[in-house]
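**Q** Handing you a structure now.
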Amino acid sequence: MALVAIDAILWRRLQQANYDSLDGVSAGQYDIRLGRDDDVATFFDGVPQLNPTNLGGYDLKVPIAAFDGASPVPQAELRVRFMGPRSQRKDWNIPSQRPDTAYPLWRLSRSSPNRSTENFVIIARDVLGRFHARWLDAAAVAALPEQIRKALRSQKNMGVEFMAVTQHAEEAVRISDKLLASHNVLLYGPPGTGKSHLMWETAKAFGRDPVQIDTADEAQPLKGGGAALDPIVRWVTFHQTYGYEDFIIGLRPDPSSVQALSLKAFPGILLELAEVARATGRPAVLLIDEINRGNVSRIFGEFITLLEPDKRLGGDGNETETTVPISLPYVDADTVVSVDGQDLPVLKRFVLPANIYLLASMNSVDRSVAPLDAALRRRFRIVNLDPDLEALQAEFARRPPTGSAEDVAEVVRLRTLATDLLSHLNEGISAFRGPDYRLGQWYLADLLKATNQADARSVLVGIWEEKLQPHLEDVFHGRVEQLAALIGEDGPIRLSDPPSNYESAGARPFVNRKLLSPEQTLAFLERLTSAAPNAPTGAPASNSAP
Numbered sequence: 018m019a020l021v022a023i024d025a026i027l028w029r030r031l032q033q034a035n036y037d038s039l040d041g042v043s044a045g046q047y048d049i050r051l052g053r054d055d056d057v058a059t060f061f062d063g064v065p066q067l068n069p070t071n072l073g074g075y076d077l078k079v080p081i082a083a084f085d086g087a088s089p090v091p092q093a094e095l096r097v098r099f100m101g102p103r104s105q106r107k108d109w110n111i112p113s114q115r116p117d118t119a120y121p122l123w124r125l126s127r128s129s130p131n132r133s134t135e136n137f138v139i140i141a142r143d144v145l146g147r148f149h150a151r152w153l154d155a156a157a158v159a160a161l162p163e164q165i166r167k168a169l170r171s172q173k174n175m176g177v178e179f180m181a182v183t184q185h186a187e188e189a190v191r192i193s194d195k196l197l198a199s200h201n202v203l204l205y206g207p208p209g210t211g212k213s214h215l216m217w218e219t220a221k222a223f224g225r226d227p228v229q230i231d232t233a234d235e236a237q238p239l240k241g242g243g244a245a246l247d248p249i250v251r252w253v254t255f256h257q258t259y260g261y262e263d264f265i266i267g268l269r270p271d272p273s274s275v276q277a278l279s280l281k282a283f284p285g286i287l288l289e290l291a292e293v294a295r296a297t298g299r300p301a302v303l304l305i306d307e308i309n310r311g312n313v314s315r316i317f318g319e320f321i322t323l324l325e326p327d328k329r330l331g332g333d334g335n336e337t338e339t340t341v342p343i344s345l346p347y348v349d350a351d352t353v354v355s356v357d358g359q360d361l362p363v364l365k366r367f368v369l370p371a372n373i374y375l376l377a378s379m380n381s382v383d384r385s386v387a388p389l390d391a392a393l394r395r396r397f398r399i400v401n402l403d404p405d406l407e408a409l410q411a412e413f414a415r416r417p418p419t420g421s422a423e424d425v426a427e428v429v430r431l432r433t434l435a436t437d438l439l440s441h442l443n444e445g446i447s448a449f450r451g452p453d454y455r456l457g458q459w460y461l462a463d464l465l466k467a468t469n470q471a472d473a474r475s476v477l478v479g480i481w482e483e484k485l486q487p488h489l490e491d492v493f494h495g496r497v498e499q500l501a502a503l504i505g506e507d508g509p510i511r512l513s514d515p516p517s518n519y520e521s522a523g524a525r526p527f528v529n530r531k532l533l534s535p536e537q538t539l540a541f542l543e544r545l546t547s548a549a550p551n552a553p554t555g556a557p558a559s560n561s562a563p
C-alpha cells in the first residue's frame, strides 16, 4: 500500500451509452465523452499536446501510473482527445473504450456488474504530477471525503474537482504533523532549498487531512479529506533591530493622548496571536523567517520557558501542575488586543495557551551571523532540508517543454546540464567548506519557465552569472585556490599571483574575472560537468574553448 495526496480529480458518471461501449455493444462511437468543461484542460496541464487539428483540437497521451494491488496493472497510456474550440461539439472524450481496449480497471469484466448511474470512472492527479484511473461504485462514493462526494452526487454528469493543494503538499503535511505534535519546528538547511515557501505551504496544510489515493486499493481508492483546523497565521522576519518590544510587549507613544508624550503598552505579534488563539479557541501558527538573524534571547525573553508544551495551559484551556505563569511588564487596564472587532484585555498574569504553534526557518550558511541560542534551539524540533535534485527533476517532469522536437530536446538537455552542474558544485562545496554551504535546487527554478531552447540557454547563462558564480565567490572568499580547483581556470575566473615583492608581506593569489559571451559560458559549463569526477552523463562535453 502506498498513499499519496491528490490535488485534482476528473470524474464521469456512467450512463447506458458508456456501459454499451464498455460492453462492446454500442451502436455509435466507443468513447467516454467528458463534455465541454474548460477545467479539463487545466486538469491535464503539462501533458504534451499531439496531432493538432485545423479546428484547434489535439490528442493527449496521459500516462496512468501502475496499480500495485491485487491483480496489478502496469503503467499505461490513456488517450484523451479535445475536439477543438472551432469544432461543432467542442468537447473532450476518451476514445476506444471497448472491452479489449478500455483501461483495465474500467472494464466491466473487472468492475462492478451493477449498471447504475451511481457508478463513476475517475482520473486522479496526485501532487507528484502522476495520474491514476479507477472505477467508483456507490459504496466507494459513500466513503469519499465530503468535498468529492458532494460533487459526484450533484446533477452534473462529469466535472473536475481541485483539492487546493500543491506539489509540496506531502512534505508540508509531514511537517504539519510534526508541528502539531511538538508545537515548535525549525526548518534548517542551505539557501535555495525552499524553506520560506515550505513554511507557507505548511501553514496552509496545518491540521489538514488531505485526500489521498491508495495505489493498492481498487474498491475504495480515495482516503482522508477530513476538515482542516483553519488556523490563524501570521508571518514575521527577525533582523538585527527586532526586539522584545516588537515580539512580546513594549511601550510606544500613544497617538490618542492629548499629552505631549504619553507612553502606552502595545502587545507584540506573539502576545497578540496568543491572546487571539486563547479567546477564539482556534489554533494559531506563527511563521518566523530567518530566526537566527535576531538576538533571540532578547526577543523571546521569559517566553523561552513558555515555549515548552508542558509549561503552557492544558488542551482544555485550564492550568496544569506544570503550567508556568509569568508577570508581563508594562501591562495596565488599557492594554488590549482586538479579536473580531472586540477589544479584550491582556492580563498581567499571563499563561501561554496550548494552541499556538511556532514554525521557524534558519539558513545553515548563516550560522556565523548569530548561532541560535541553545536554550531556544532545544525547544524546537529540527527538520533538515538538504538540496533535493529529485524534487527539481519531478518539477521538470510536471512542466515539460513545448514546441518543436528540436526545442524540446534542447530544453531537456539544458535542464539536465543544470542539474549535473549543481550536483558537481555541491560535491566540491561539501569537500571544501562542508555540506551546510551547498546550493539548493531552487537556484535553478527559473528553468521551469523556459519552454524553448533560446529561452533555456539565456536563463541558464543568467543563473550562472547572476546567482551561482557570485554565491561561489562568497562561499570561497579567502579560499581562491579552492574555488579554482572546483571550477577550473578556463572559464570566467583566472587566478593571478601577486608581485614577488608583495609575497613577503603576505600577499596571496587573487581572482581575475573574465567576461564570456553566452555561448562561451555554456561551453564552459558543459566542460565543467563533463570533466568532473564521476561526471554525470546528462550533458555532453563541448570542444569549443572560450
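With the working numbering as the guide, the letters of the sequence shown map in order to residues 18 to 563.
A virtual CB, placed ideally from N, CA and C, is assigned to each residue, including glycine.
1. Indicate whether W459 and L542 have their beta-carbon atoms separated by less than 9 Å.
2. Is the CB-CB distance between E188 and L215 below 9 Å?
3. Taking 6 Å as the limit between beta carbons, can you name the residues of its chain near A19, skipping five residues before and five after?
4. Does R132 come out as helix, strand or coil in the three-state DSSP assignment?
5. Just to check, is the beta-carbon of L345 closer than 8 Å to a non-hydrogen atom of the ligand SAH?
6. Residue ranges of each beta strand (DSSP E) run of no fewer than 3 residues wholly in the segment 484-548, ordered along the chain?
7. To which residues of the same chain is F527 closer than 8 Å at the C-beta, ignoring the five residues directly before and after it?
8. What number of angstroms, rounded off, separates the C-alpha of Y36 from the C-alpha of K78?
9. Which residue or residues does DSSP assign as beta-bridge partners of R96?
10. What residues in its chain sit with their C-beta under 7 Å from that of S381, if we drop five residues either side in the sequence?
11. Cutting at 8 Å between CB atoms, please list the residues of its own chain near P91, excluding the five before and the five after it.
12. State buried or exposed for D349, treating a residue as buried only when at least 16 other CB atoms are found within 10 Å of its CB.
13. On a Cα-Cα basis, can you pick out the residue from R151, V302, Q359, D62 that is closest to E296?
14. Is it buried or exposed, E536, if we count other Cβ atoms within 10 angstroms and call 16 or more buried?
15. What does a CB cutoff of less than 6 Å around L161 pick up in its chain, not counting 5 residues either side in sequence?
16. Rounded to whole angstroms, how far is the Cβ of D586 from the Cβ of I111, which I believe are closer than 8 Å?
17. Can you name the residues that DSSP bridges to E178?
18. Have a look at T352, L369, G318 and flag the residue whose alpha-carbon is nearest the alpha-carbon of A282.
19. Might you give, ordered along the chain, the residues of its own chain that have their beta carbon closer than 6 Å to the beta carbon of G243, omitting 5 neighbours on each side?
20. Tell me whether the beta-carbon of D143 lies closer than 9 Å to the beta-carbon of D24.
21. Can you tell which of R106, K221, G334 has its C-alpha closest to the C-alpha of L304?
22. Taking all protein chains shown into account, do 16 or more other C-beta atoms lie within 10 angstroms of the C-beta of L31, making it buried, or fewer, making it exposed?
23. Any contact of the segment 391-400 with the segment 460-468, i.e. 3+ C-beta pairs under 8 Å?
24. Rounded to the nearest angstrom, what separates H420 and Y120 at their Cα positions?
25. Are E289 and T254 touching if we call contact CB-CB under 9 Å?
26. Straight-line CA distance for F449 to D491?
27. Only counting runs of 3 or more residues, tell me where the beta strand (DSSP E) segments fall wholly within the segment 235-268, in order along the chain.
28. Is DSSP giving V386 helix, strand or coil here?
29. Can you tell which of L268, P362, L287, G285 has its C-alpha closest to the C-alpha of S279?
30. Which value, in whole angstroms, describes the spacing of the CA atoms of L533 and V429?
31. Using the beta-carbon count (16 or more within 10 Å), is N518 buried or exposed?
32. With 16 other CB atoms within 10 Å as the buried threshold, where does Q276 fall?
33. Can you list, in chain order, the residues of its chain whose CB lies under 7 Å from that of L361, leaving out five sequence neighbours each side?
34. Could you give the DSSP three-state label for Q184: helix, strand or coil?
35. Just the Cα atoms here: how many angstroms apart are L323 and A462?
36. When DSSP builds the beta bridges, which residues end up paired with R50?
**A** This is what the structure gives:
1. Locating residue 459 in the sequence shown gives position 442, counting from the first residue. Locating residue 542 in the sequence shown gives position 525, counting from the first residue. No. Outside cutoff.
2. The sequence position of residue 188 within the sequence shown is 171, counting from 1. The sequence position of residue 215 within the sequence shown is 198, counting from 1. Yes, the Cβ-Cβ distance between E188 and L215 is below 9 Å.
3. Taking the first residue of the sequence shown as 1, we reach residue 19 at position 2. For A19, where only same-chain residues beyond five positions count, the Cβ hits under 6 Å are T232.
4. In the sequence shown, residue 132 corresponds to position 115, counting from 1. Of the three classes helix, strand and coil, the one that applies to R132 here is coil, per DSSP.
5. Looking for the ligand SAH in the displayed structure turns up nothing, as the structure carries no ligands at all.
6. 510-513, 527-530
7. Taking the sequence shown and counting its residues from 1, one reaches residue 527 at position 510. Counting only Cβ-Cβ distances below 8 Å, and skipping sequence neighbours, we find V497, L512, S513, P515.
8. Locating residue 36 in the sequence shown gives position 19, where the first residue counts as 1. Locating residue 78 in the sequence shown gives position 61, where the first residue counts as 1. Using only the alpha carbons, I get a separation of about 23 Å.
9. Taking the first residue of the sequence shown as position 1, residue 96 is located at position 79. DSSP, once it has assigned bridges, lists K78 as partnering R96.
10. Residue mapping note: residue 381 aligns to position 364 of the sequence shown, counting from 1. Contacts found: Y205, G206, P207, D453.
11. One-based indexing of the sequence shown puts residue 91 at position 74. Result list for P91: A83, in chain order.
12. Along the sequence shown, one-based indexing puts residue 349 at 332. Exposed, by the Cβ-count rule.
13. Within the sequence shown, residue 296 is the residue found at index 279, counting from 1. What sits at residue 296 in the sequence shown is Ala, not Glu. Of R151, V302, Q359, D62, the residue nearest in Cα terms is Q359.
14. Against the sequence shown, residue 536 aligns to sequence position 519. When all chains shown are included, E536 counts as exposed.
15. Translated into the one-based positions of the sequence shown, residue 161 becomes position 144. Taken in chain order, the residues that qualify are L239.
16. For the chain, the structure presents residues 18 to 563; residue 586 sits outside this window and is missing.
17. As a working mapping, residue 178 is identified with position 161 in the sequence shown. Per DSSP, I26.
18. For the purposes of this step, residue 282 is taken as residue 265 along the sequence shown, with counting starting at 1. Ranking T352, L369, G318 by Cα distance to A282 puts T352 first.
19. The residue you call residue 243 lines up with position 226 of the sequence shown. For G243, where only same-chain residues beyond five positions count, the Cβ hits under 6 Å are D226.
20. Taking the sequence shown and counting its residues from 1, one reaches residue 143 at position 126. Taking the sequence shown and counting its residues from 1, one reaches residue 24 at position 7. Contact: yes.
21. For the purposes of this step, residue 304 is taken as residue 287 along the sequence shown, with counting starting at 1. Nearest option by C-alpha distance: K221.
22. Your numbering for residue 31 matches position 14 in the sequence shown. Result: buried.
23. Output reads no: the segment 460-468 does not touch the segment 391-400.
24. What you label residue 420 is simply residue 403 of the sequence shown in a count that begins at 1. What you label residue 120 is simply residue 103 of the sequence shown in a count that begins at 1. Reading off the sequence, residue 420 comes out as Gly, not His. Their Cα atoms are separated by approximately 29 Å.
25. As a first step, residue 289 must be located in the sequence shown, where it is residue number 272. As a first step, residue 254 must be located in the sequence shown, where it is residue number 237. Not closer than 9 Å, so no.
26. Your numbering for residue 449 matches position 432 in the sequence shown. Your numbering for residue 491 matches position 474 in the sequence shown. Approximately 13 Å, taken between the alpha carbons.
27. Within the segment 235-268, the complete beta strand (DSSP E) segments at least 3 residues long are 239-241, 249-254, listed from N- to C-terminus.
28. Locating residue 386 in the sequence shown gives position 369, where the first residue counts as 1. With a pLDDT of only 46 at V386, under the threshold of 50, the placement of this residue in the model should not be trusted; the figure read from the coordinates follows. If DSSP states are grouped into helix, strand and coil, V386 belongs with coil.
29. Within the sequence shown, numbered from 1, the residue matching residue 279 stands at position 262. Ranking the options by Cα distance to S279, first place goes to L268.
30. Here residue 533 is taken as the residue at index 516 of the sequence shown, counted from 1. Here residue 429 is taken as the residue at index 412 of the sequence shown, counted from 1. C-alpha separation (whole angstroms): 24 Å.
31. Locating residue 518 in the sequence shown gives position 501, counting from the first residue. Classification of N518: exposed, given that the 10 Å Cβ count is below 16.
32. Walking along the sequence shown from the start, residue 276 turns up at place 259. Exposed, by the Cβ-count rule.
33. Stepping through the sequence shown from its first residue, residue 361 is reached at position 344. Closer than 7 Å at the Cβ level, and outside the excluded window around L361, lie E292, A296, V353, V354.
34. In the sequence shown, counting from the first residue as 1, residue 184 sits at position 167. Only weak support exists for where Q184 lies, its pLDDT of 48 falling under 50; the value from the coordinates is given anyway. Coil, per DSSP.
35. Within the sequence shown, the letter at position 306 stands for residue 323. Within the sequence shown, the letter at position 445 stands for residue 462. Cα to Cα, the separation comes out at about 39 Å.
36. Numbered from its first residue, the sequence shown carries residue 50 at position 33. Per DSSP, the beta-bridge partners of R50 are N110.
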